[in-house]
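Everything on this sheet refers to the single structure shown next.
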Amino acid sequence: MADQLPAELTQEVFRFLENFVPNERIDILDAESVEAIKNTRLQSRFWSQNGWRTFGKVLGQAPFFATKVSMAELDEFSQIPAVGERLTTLTFCGMGSRNLLFQNPELDLEDRRTKDFVACHAAQISYTTSSRPYSSSAQTLTSEFEKDLARILPRFPNLRHLRYLPAVEGHLKGYRWSDVPSDGLYIPEGTEDYRPLILDRIAKVLVHNNIRLESFSGPLKGNTNPNRDAVPASLFRFCTQSEPLARMLNTVQTLAINLRFENDNSPNHDNEASNIGHLLQSLHSARTLELACSNTDDAEPLWTQLHLAASLTELRVSFTAADSVDGHSMVAALRSLPNLRRLALGYVNLADEMEWDWVFELFRTTLNLDKLLLVEPLEFGAPSRIDWNSAGRVDEYPALNEAAGEVKVVQDRRGQLGWPPSDYLAFRNFE
1 MADQLPAELT QEVFRFLENF VPNERIDILD AESVEAIKNT RLQSRFWSQN GWRTFGKVLG
61 QAPFFATKVS MAELDEFSQI PAVGERLTTL TFCGMGSRNL LFQNPELDLE DRRTKDFVAC
121 HAAQISYTTS SRPYSSSAQT LTSEFEKDLA RILPRFPNLR HLRYLPAVEG HLKGYRWSDV
181 PSDGLYIPEG TEDYRPLILD RIAKVLVHNN IRLESFSGPL KGNTNPNRDA VPASLFRFCT
241 QSEPLARMLN TVQTLAINLR FENDNSPNHD NEASNIGHLL QSLHSARTLE LACSNTDDAE
301 PLWTQLHLAA SLTELRVSFT AADSVDGHSM VAALRSLPNL RRLALGYVNL ADEMEWDWVF
361 ELFRTTLNLD KLLLVEPLEF GAPSRIDWNS AGRVDEYPAL NEAAGEVKVV QDRRGQLGWP
421 PSDYLAFRNF E
C-alpha cells in the first residue's frame, strides 16, 4: 500500500524525516535524519524515485574534497538526472593533508599506513595543481581538479548555493585507514604552510561555467566549536576585482561565514584590513551579510572597511566573549551603509554601561532601522545589566526602545552558570 501513496503525501513523509541541527545559521540535517532518509529510499524503487528532492539536501550538505576519489563520487551523482536537476547546493571542504616528510624527515616509511598517507598527500597536490603554476584566468584550466569540476558542474543547472568548510573531522576521501586517528594529519586551507588555492580554483571553475551563485556560506558551529572553524581573513588576500574569487562573489545576495582575524605575530596581520576590504568590495549584489568574528581585539579592520559593502540591507555580526569592540568605530561603520534596515549584533563586548547608552542613542538618531536584534550584549566581557522586561522594553535605556521599528534583546541565561559560554547562539534562533 505504501507504494501507492500520492506524490504529495510521499513528499510529506520525507519532510517528516527532516530534522535539522539546532543553533545553526543554515539548514543542516542531523545524523539521524540523514540515516533515516537513506534507509527510506532503500525500501523500494518507489521510495527511491520519490525521495530525490530530500536526498538532494543530504547530498548538498555532504562535503566534497579536492581529491580524485571525492570528485569521482560527485561525478557519479551528477550523472543521475533526478539529482542533477534538483540539486541547488554543493558543499566543498578546503582541507588538505600535511607534508609529513617535510615535518618529520625520520618518518618510518615502512609502515603501510604512513606510506599510504604520504602517497595520498602527493596525489592530492598533484591532482589539485597538476604541478603547474596557478592561473587566475577562467579560460585556462590548469589542473586535473579544475578540468574534472568544469565537466561535472554543468550537470547541476539549478546550482545556486555554495557552502565552504575550512576543515572537517576525520580523513580526506582517498585515505583508506579509517582506524588511524586524524589529529595532526590535516590542515585547513588558508593556514601558512598549506596553499593549493582550492577555493580559488572552485571559484575559477564556477566563473568558467558562468554559474551565478546566490549565496556563499558556512555553518556557524556555535554549539559544537566555539572557535567556529573560521575562515582566515588571509584567504581573501588575492580577492581583487579581476580574480575568480571576487567574480564569484559579485553575484551572491547572501554571504554568511565565520571570519577569523589574524594573530599579531602572523605575517598577514598588517594586511588584515586590506584582506577584509577585498572580500567586502566583491559583494556587488549582496543584501545580507552575516559574520561570526573571532580572534579580534577591537574589530577595527572590519569597521574601517565596512563602507565597501554599501549595497547591504541586512547586517549580522557576532563575536566571541573574549573579543572587545569599539563602540565609536562600530557606529561610524554602520552609518556608512545607506541602505541598512536590519541589524543583528551578537556578544558585542563594549567597555562599559555608559558606552551602550551612547550607542543606543546613535542608533536612534543616525540609523534608519526597521529591525534591531541584540544577542547577549556584554560589558567588560561579562553579561551586561540590560534587562529586557516582559513587556518587551528596556526601562533604563529609552533610546534603545526607539532604535528601530522593532527591537529585541536576547540574554544568554547560560551565562549565569559560568562565563564565557562554551558555545554561542545563532541569530536564526530568534527570528
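Position 132 of the sequence shown, counting from 1, maps to 132 under UniProt numbering, and the rest follow consecutively. By construction, the Cβ of each residue, glycine as well, lies at the ideal position given by its N, Cα and C atoms. Keep in mind the model is a prediction, meaning the values are calculated, not measured.
| query | result |
| --- | --- |
| Under 8 Å: do the region 286-298 and the region 255-274 share three or more Cβ pairs, one atom per stretch? | yes |
| Between D412 and L141, what straight-line distance do the alpha-carbon atoms span, to the nearest angstrom? | 49 Å |
| Decide if the region 51-71 is in contact with the region 26-39; the criterion is three or more beta carbon pairs, one per stretch, under 8 Å apart. | yes |
| Enumerate in chain order the residues of its own chain whose CB-to-CB distance from G277 is below 7 Å, with the five nearest sequence positions on each side excluded. | Q305 and L308 |
| From this set, A322, E35 and P81, which residue's C-alpha is nearest A62's C-alpha? | E35 |
| Which residue's Cα is closest to the Cα of R113: T365, A344 and R176? | R176 |
| Any idea if G170 is buried or exposed, counting beta-carbon neighbours within 10 angstroms, 16 or more meaning buried? | exposed |
| Suppose you measure from the CA of E272 to the CA of P301; what does that come to, to the nearest Å? | 6 Å |
| Beta-carbon within less than 7 Å of A67's beta-carbon, same chain only, minus the 5 sequence neighbours each way: which residues are those? | The displayed chain sequence assigns Thr, not Ala, to residue 67. For T67, where only same-chain residues beyond five positions count, the Cβ hits under 7 Å are Q124, Y127, L172, K173 and G174. |
| Taking C-beta to C-beta, are R160 and G218 nearer than 8 Å? | no |
| Tell me, to the nearest whole angstrom, how far the beta carbon of E314 is from that of R287; I am working on the premise that it is less than 8 Å. | 6 Å |
| Going along the chain, which unbroken runs of the alpha helix (DSSP H) with 4 or more residues stay wholly within the region 13-43? | 31-41 |
| Let me know if P133 comes out buried or exposed under the rule of 16 or more other beta-carbons within 10 Å of its beta-carbon. | exposed |
| Tell me the rounded alpha-carbon separation between I198 and E146. | 9 Å |
| Return the CA-CA distance between Q139 and T251, expressed in angstroms with no decimal places. | 19 Å |
| Leaving out five residues before and five after V325 in sequence, what residues of the same chain have Cβ atoms less than 7 Å from its Cβ? | D298, A299, F319, V348, N349 and L350 |
| R176 by DSSP, collapsed to three states: which one? | coil |
| Spatial neighbours of A403 within its chain, please: CB distance less than 6 Å, with the 5 preceding and 5 following residues excluded, ordered by chain position. | F360, F363, R364 and L372 |
| Classify K221 as helix, strand or coil using the three-state DSSP reduction. | coil |
| Only counting the same chain, and skipping five residues up and downstream in sequence, which positions put a Cβ closer than 6 Å to that of V410? | V375 and F430 |
| Nearest by alpha-carbon distance to T129: which of E144, G184 and S136 is it? | E144 |
| With distances taken between CB atoms, is the gap from N339 to L312 smaller than 8 Å? | yes |
| Start and end of the beta strand (DSSP E) containing S318? | E314 to S318 |
| Could you pull the start and end residues of the beta strand (DSSP E) that A256 belongs to? | T254 to R260 |
| Would you kindly report the start and end of the unbroken alpha helix (DSSP H) that includes S70? | K68 to S78 |
| Looking at the unbroken beta strand (DSSP E) that takes in Y164, where does it start and where does it end? | H161 to L165 |
| Tell me the DSSP bridge mates of I187? | G96 |
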